[in-house]
Amino acid sequence: MNLLRFGHDAYGERVLNGVSWDLLPVAFWAGVAVIVGHLIYRALRRGSGKSGS
Amino acid sequence: MTNDNQKLQRHAGIDRLFHWITAVVMTVLLVTSLLPVVGLRFAWYSVHWMSGLLLTLIILLHIVRALFWQSAGSMLLSGADFSARRAGKYTLAQKLMHLGWTLAVLVAIVTGLLLLRKAGVPFIDRDPYAWSLRAWGLVTLLHDLAALLSVFLVLVHVYFAILPEKRAYLRAMVSGLITRRDLAAEHDVERAERGE
Numbered sequence: 001m002n003l004l005r006f007g008h009d010a011y012g013e014r015v016l017n018g019v020s021w022d023l024l025p026v027a028f029w030a031g032v033a034v035i036v037g038h039l040i041y042r043a044l045r046r047g048s049g050k051s052g053s
Numbered sequence: 001m002t003n004d005n006q007k008l009q010r011h012a013g014i015d016r017l018f019h020w021i022t023a024v025v026m027t028v029l030l031v032t033s034l035l036p037v038v039g040l041r042f043a044w045y046s047v048h049w050m051s052g053l054l055l056t057l058i059i060l061l062h063i064v065r066a067l068f069w070q071s072a073g074s075m076l077l078s079g080a081d082f083s084a085r086r087a088g089k090y091t092l093a094q095k096l097m098h099l100g101w102t103l104a105v106l107v108a109i110v111t112g113l114l115l116l117r118k119a120g121v122p123f124i125d126r127d128p129y130a131w132s133l134r135a136w137g138l139v140t141l142l143h144d145l146a147a148l149l150s151v152f153l154v155l156v157h158v159y160f161a162i163l164p165e166k167r168a169y170l171r172a173m174v175s176g177l178i179t180r181r182d183l184a185a186e187h188d189v190e191r192a193e194r195g196e
């Protein structure tokens, strides 16, 4: 997986173009991970009789 | 004796309008920028820059309103957020979400405005040679990172908005009102009403 995306200038030198779009699924799944993590935390809190938040 | 069902004003109409217009504009910006990335090709640029300028205008108005008409301090992190004291108007989680959006949106706006020069719009002549390729690359990198952070924040923000025990906040963002009971679940009602 690449972190950055590159192009080439008129002289063939490599230049930075931006973030690699390989990271788009990473951003998505990071959000999903927080959601799943919170759902587990919430379930555990409810299981122990505390109000979930 | 206090009435738990008493409805308290949480968000003024202008702030709810700001929130929902921002939500629509951010959705348009993410759709027009990221769908081409995943292979759905269409003429995205005009809609994207116009939405970006609209977002810039909305955020400027929000900043002015927050500084001069609202208690801006209620959204800032403070030591009290990490103590056992009950939250004021906003909880620590809400402040962190706002901080995340502030970072993503301000970086996206500043870099987006700079990129208008590179790509050109009807009122700014296109000049991709105004800066070096390396400089444009860094600006684009920051713009892309703001987009990725926004994807993450949209997911987390929408999740917490629709969570049953947090639904009172969503209702308040629609109607402007929250019951004293719902507010008291996580907030010091007196502090929240003072806008602390």
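So the protein lines, in turn, are chains C and P.
For the first sequence, my numbering begins at 1 and goes up steadily by one.
For the second sequence, my numbering begins at 1 and goes up steadily by one.
Quick reminder that beta carbons are idealized off the backbone N, C-alpha and C, glycines included.
These numbers come from a predicted model, not from an experiment.
Supposed contact pair residue j and residue i - C-beta distance, whole angstroms, cut 8 Å
i	j	result
H19 of chain P	M173 of chain P	6 Å
G88 of chain P	A192 of chain P	6 Å
N9 of chain P	L170 of chain P	Checking the sequence, you will find Gln at residue 9 of chain P rather than Asn. In fact, because the Cβ distance is near 16 Å, the residues do not count as touching under 8 Å.
I58 of chain P	I109 of chain P	Not really, about 10 Å apart at Cβ, beyond 8 Å.
V15 of chain C	L40 of chain P	Not confirmed; about 27 Å, so no contact.
S51 of chain P	V25 of chain P	5 Å
D81 of chain P	L92 of chain P	4 Å
V158 of chain P	W21 of chain C	That belief does not hold up - the Cβ atoms of V158 of chain P and W21 of chain C are roughly 22 Å apart, past 8 Å.
N-terminal and C-terminal residue of the beta strand (DSSP E) that residue i is part of
i	result
T2 of chain P	Per DSSP, T2 of chain P belongs to no beta strand (DSSP E) and is neither H nor E.
V24 of chain P	Element bounds for V24 of chain P: not the beta strand (DSSP E) but the alpha helix (DSSP H), G13 to L34.
K7 of chain P	K7 to Q9
V15 of chain C	R14 to V19
Pick from the options that is closest to residue i, judged by C-alpha positions
i	options	result
L30 of chain P	P:D15, P:F68 and P:A104	P:A104
K166 of chain P	P:W131, P:N3 and P:D182	P:D182
A146 of chain P	P:T179, P:F68 and P:T111	P:T111
L142 of chain P	P:A161, P:L113, P:R41 and P:I162	P:L113
W131 of chain P	P:F123, P:L115, P:I124 and P:D144	P:L115
L35 of chain P	C:V32, C:G31, C:G7 and C:P25	C:P25
H98 of chain P	P:H187, P:T140, P:H62 and P:V37	P:H62
L77 of chain P	P:L17, P:Q94 and P:L67	P:Q94
T140 of chain P	P:H11, P:L17, P:T56 and P:V107	P:V107
S71 of chain P	P:A23, P:I162, P:H11 and P:L54	P:H11
G37 of chain C	P:V121, P:S175 and P:F160	P:F160
Interface residues of chain P facing residue i [CB-CB closer than 8 Å]
i	result
D9 of chain C	L133
I35 of chain C	L155, V156 and Y159
Beta-carbon proximity check, residue i vs residue j, cutoff 8 Å
i	j	result
W44 of chain P	T27 of chain P	no
L23 of chain C	L148 of chain P	yes
S83 of chain P	G195 of chain P	no
F28 of chain C	V189 of chain P	no
Q156 of chain P	I35 of chain C	The sequence given here has Val at residue 156 of chain P, not Gln. Yes, the Cβ-Cβ distance between V156 of chain P and I35 of chain C is below 8 Å.
G137 of chain P	N17 of chain C	yes
D4 of chain P	R180 of chain P	yes
H187 of chain P	R85 of chain P	no
L153 of chain P	W101 of chain P	yes
R220 of chain P	A119 of chain P	Not covered by the structure: residue 220 of chain P. The range shown for chain P is 1 to 196.
D144 of chain P	V19 of chain C	yes
Partners in chain P for residue i, counting only beta-carbon separations shorter than 7 Å
i	result
N17 of chain C	G137 and T140
G47 of chain C	Within 7 Å Cβ-Cβ: nothing; G47 of chain C doesn't reach chain P, min ~15 Å.
Endpoints, alpha helix (DSSP H) assigned at residue i
i	result
R58 of chain C	The structure shown does not extend to residue 58 of chain C, since chain C is modelled only from 1 through 53, so no value can be given for it.
G31 of chain C	L23 to G47
R171 of chain P	R167 to S175
I124 of chain P	Per DSSP, I124 of chain P belongs to no alpha helix (DSSP H) and is neither H nor E.
G137 of chain P	L133 to I162
S46 of chain P	Y45 to F68
R86 of chain P	Taken as a continuous stretch (DSSP letters only), R86 of chain P belongs to no alpha helix (DSSP H), as it is neither H nor E.
D182 of chain P	R180 to A184
A130 of chain P	Per DSSP, A130 of chain P belongs to no alpha helix (DSSP H) and is neither H nor E.
R191 of chain P	V189 to E193
Chain-ordered chain C contacts of residue i [CB-CB under 7 Å]
i	result
L148 of chain P	V19, L23, L24 and A27
D144 of chain P	G18 and V19
V37 of chain P	W21 and L24
Contacts of residue i in chain B (Cβ-Cβ under 7 Å)
i	result
F152 of chain P	Absent here is chain B; the protein component of the structure consists of chains C and P.
Closer than 8 Å at the beta carbon, the chain C residues around residue i
i	result
Y45 of chain P	In chain order: nothing, as chain C lies at least about 16 Å away.
Beta-carbon neighbours of residue i, restricted to chain C and to distances below 9 Å
i	result
L34 of chain P	W21 and L24
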